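Colleague: Residue numbers for the sequence shown, in our numbering: 591 to 728.
Glycine is no exception: its CB is placed at the ideal position from the N, C-alpha and C atoms.
Note that this is a predicted model, so its numbers are computed, not measured.
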Amino acid sequence: MVPKARWNGQSLDMDFAMSDADLDRIAGRGAVLIQIAEPAIEGVEGLDPKKLHALRVEYLRRMRDHLKERGLGYDQYGLYPVDEPGLDYGPRIPAFMAAATLFREADPQMRIYTDPVPGLSLRDFNQIAPFVDIWCPK
């Protein structure tokens with residue numbers, strides 16, 4: 591579902607062909623969950639961390655724009671950064687927070703989905719709650 595991307599040394603090349611095929615296959619079936627934590631961008635090995643961060647933000651914004659071009663507004667998709675962040679009492683919380691912070695920087699209106707499990711502590715719940723727009727408790 592997520593587009594492929596490659597840093598060519600000058601700009602970020604994105605390929606939406608497989609994403610579009612997935613979107614075509616599920617069109618009309620309701621909201622879409624996009625499982626993504628950190629945009630996978632090829633060709634960034636050894637890149638300055640600030641530049642890499644900027645490319646990840648650009649990736650998310652371009653993905654958002656492409657979804658909009660395909661007719662999907664904010665209410666028709668959610669970003670799904672980490673499966674069951676409360677599993678095993680929270681070791682996935684830092685990954686969730688890193689992804690959610692990146693998503694909010696890219697666009698505060700993009701919705702974030704999570705499926706906490708009973709092992710989610712109150713402390714962890716309070717940490718992730720401000721970032722979650724779509725809850726699916728188990």
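With three or more beta-carbon pairs closer than 8 Å as the criterion, would you say the segment 657 to 671 touches the segment 633 to 649?
Modeller: No: the two stretches stay apart, fewer than three of their Cβ pairs being nearer than 8 Å.
Colleague: For E674, which three-state DSSP category applies?
Modeller: In the structure shown, E674 sits in coil (DSSP, three-state: anything other than H, G, I, E or B).
Colleague: Rounding to the nearest angstrom, what Cα-Cα distance links D605 and K594 in this structure?
Modeller: Approximately 5 Å, taken between the alpha carbons.
Colleague: Taking the alpha carbon of C726 as the reference point, which residue from E628, L669, D612, L692 has its own alpha carbon closest?
Modeller: Ranking the options by Cα distance to C726, first place goes to L669.
Colleague: Among the residues of its own chain, which have a CB less than 7 Å from the CB of D612, if the five just before and after it don't count?
Modeller: Excluding sequence neighbours, D612 sits near M591.
Colleague: Using only the alpha-carbon positions, how far apart do V707 and A621 sit?
Modeller: Each residue's alpha carbon lies about 22 Å from the other.
Colleague: Given that a residue counts as buried once 16 or more other Cβ atoms are within 10 Å of its Cβ, and exposed if not, what is M653?
Modeller: By the 10 Å Cβ count, M653 comes out buried.
Colleague: Just the Cα atoms here: how many angstroms apart are Y679 and S711?
Modeller: Each residue's alpha carbon lies about 7 Å from the other.
Colleague: Apart from the five residues on each side of it in sequence, which residues of its chain come closer than 6 Å, Cβ to Cβ, to K641?
Modeller: Nothing meets the Cβ criterion.
Colleague: Enumerate in chain order the residues of its own chain whose CB-to-CB distance from L645 is below 7 Å, with the five nearest sequence positions on each side excluded.
Modeller: Counting only Cβ-Cβ distances below 7 Å, and skipping sequence neighbours, we find W597, L602, I631, V634.
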